[in-house]
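Asker: Taken in order, these protein sequences are the chains called A and B.
For what it's worth, numbering that gives the first Met the number 0 labels the leading residue of the first sequence as 0, then goes sequentially.
For what it's worth, numbering that gives the first Met the number 0 labels the leading residue of the second sequence as 0, then goes sequentially.
No residue lacks a Cβ here, since even glycine has one placed at the ideal position from N, Cα and C.
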Amino acid sequence: MIGVYDFCGHYDWTFEWLRQTGGEELLRQYWDEAISQDSQRHAAALILPRGIAGMVEYWGHTLEHEAAGYYCTTTDAVYRIDMHECPSKGFLMRNALHQYHDYCDHCLGWIGPLLRRAGFVVDHQHNHAGRCWWEIRRADDPTPPSAPGSLAGEHDVRLLPDWNQPGPMDTYRRANDPDDKSA
Amino acid sequence: MSTESSPLPYRDTKPVGAADFYFAVNATFRFLWQRFGAEGLRRYWTDLGTQYYAPVAESWKQGGLPAIAAYWRAFFAAEPGAEVQVHESGEAVVVEVAVCPAIKHLRAHQREIVPCFCQHCYFLNEAIAAPAGFTARVTGGNGSCRQTFRARDGEVPPQDLNDIRAAT
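In structure tokens:
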């Protein structure tokens, strides 16, 4: 049986299987059609009609369920997540599993299309070491991403001494697609 | 599950997995079925068994039937909502699944289950068992089933996929 105790391991393996089978295009279709529109339809049911209030409810449940180390900041205009210990990437790192070239892309791969349908865009960075931050605003709100500490205070993951890792930092501005990487 | 002596190849900090991930497993099967049909979905299951689960096959090859029994006891202890008994004899390991955690969770959340969902246990198990010198058979399904593991050199009839019920 395919289990869920090690879900992130075979999820990562599946990304690479899909890439080898049908290229990056097939993988992006998978993230949108299978994950965003099918598996995570409960997220859409909350976020599409309720916007930020739906995000608070969805991620509040999901991140607790997955035992994540995180902090959320909510205003009327923005929903921010500071992920201090990503349970998903953390599982891969602890078990030395690495199949697809950028596992972290899967989050924007399914969340991006969902937020596009809901009328939101994402500012985001991930450091490939289990830490990232997200700021989600309405697509017609031109506000730039916050300066470190100005929105989440001491919980801002960018203030951690090991936020900057030796490898690349992936950066997204007003994005809805994993290929919207600007750095 | 997270001890050094665990029969599971991978470790997590949580005692059991997050049940909502069964949604993604089911959705992945549906996506592959729609794109590639039964043949493509079976290739995915077989590749997953031979590649990702290669450490399990190696463990079974080294430890034989006791390792197979230990694996399934630890595996189902980490699956949320599973009710399973594992019986071991000198000839076989029989995994009696009284409550399949995946089918239970998908039903509880009104998810449309891919009809061939339960076939994945045969194709995956066989892909893990074969290189270890064992063969797997599955009967039942749709919420409860029996999975049997025997040595490949025994006289075991081929798996009849009609013995695996469609999931609803």
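Can you tell me whether Lys190 of chain A is helix, strand or coil according to DSSP?
Answerer: The structure shown does not extend to residue 190 of chain A, since chain A is modelled only from 0 to 182, so the question has no answer here.
Asker: Taking the C-alpha atoms as reference points, what is the distance between His60 of chain A and Met54 of chain A?
Answerer: Each residue's Cα considered, the two are about 10 Å apart.
Asker: Can you pull the DSSP bridge partners for Ala174 of chain A?
Answerer: Answer by DSSP bridge pairing, in chain order: A:Val121.
Asker: Could you give the DSSP three-state label for Arg10 of chain B: helix, strand or coil?
Answerer: Arg10 of chain B falls in the coil class under three-state DSSP.
Asker: Would you say Cys120 of chain B lies against chain A (beta-carbon separation less than 7 Å)?
Answerer: Answer yes: the Cβ-Cβ gap between Cys120 of chain B and chain A drops below 7 Å somewhere.
Asker: Give the DSSP bridge partners of Thr134 of chain B, in chain order.
Answerer: B:Arg149.
Asker: Excluding sequence positions up to five away, which residues of its chain have a Cβ less than 7 Å from the Cβ of Ser1 of chain B?
Answerer: Residue confidence for Ser1 of chain B is low, a pLDDT of 41 falling below 50, so the modelled location carries little weight and cannot support an answer.
Asker: If I'm right that Gln61 of chain B touches Trp12 of chain A with Cβ under 8 Å, what's the distance once you round it to whole angstroms?
Answerer: Their Cβ separation, rounded to whole angstroms, is 23 Å, which puts Gln61 of chain B and Trp12 of chain A out of contact at 8 Å.
Asker: Which value, in whole angstroms, describes the spacing of the CA atoms of Trp30 of chain A and Gly166 of chain A?
Answerer: Spanning the two alpha carbons is a distance of roughly 25 Å.
Asker: On a Cα-Cα basis, can you pick out the residue from A:Tyr102, A:Cys71 and A:Gln39 that is closest to Leu26 of chain A?
Answerer: Per the Cα distances, A:Tyr102.
Asker: Would you check if the distance between the CB atom of His104 of chain B and the CB atom of Val93 of chain B is smaller than 7 Å?
Answerer: No, these two residues do not count as a Cβ contact at 7 Å.
Asker: Below 7 Å CB to CB, which residues in the same chain sit around Asn94 of chain A once its five sequence neighbours on both sides are set aside?
Answerer: Cβ within range, chain order: Gly8.
Asker: With H, G and I counted as helix, E and B as strand and the rest as coil, what does DSSP make of Asp162 of chain B?
Answerer: DSSP places Asp162 of chain B in helix when its eight states are reduced to three.
Asker: State yes or no: is the beta carbon of Ala44 of chain A nearer than 7 Å to at least one beta carbon in chain B?
Answerer: Chain B, which has no Cβ nearer than 7 Å to the Cβ of Ala44 of chain A, makes this no.
Asker: Since Val98 of chain B is in the beta strand (DSSP E), which residue starts that stretch and which ends it?
Answerer: Ala91 to Val98 is the extent of the beta strand (DSSP E) around Val98 of chain B.
Asker: Could you tell me whether the stretch 109-121 of chain A touches the stretch 146-165 of chain A, where touching means 3 or more Cβ pairs closer than 8 Å?
Answerer: Flag = no, the stretch 109-121 of chain A and the stretch 146-165 of chain A do not touch.
Asker: Would you call the CB atoms of Ile163 of chain B and Gln118 of chain B closer than 7 Å?
Answerer: Contact: yes.
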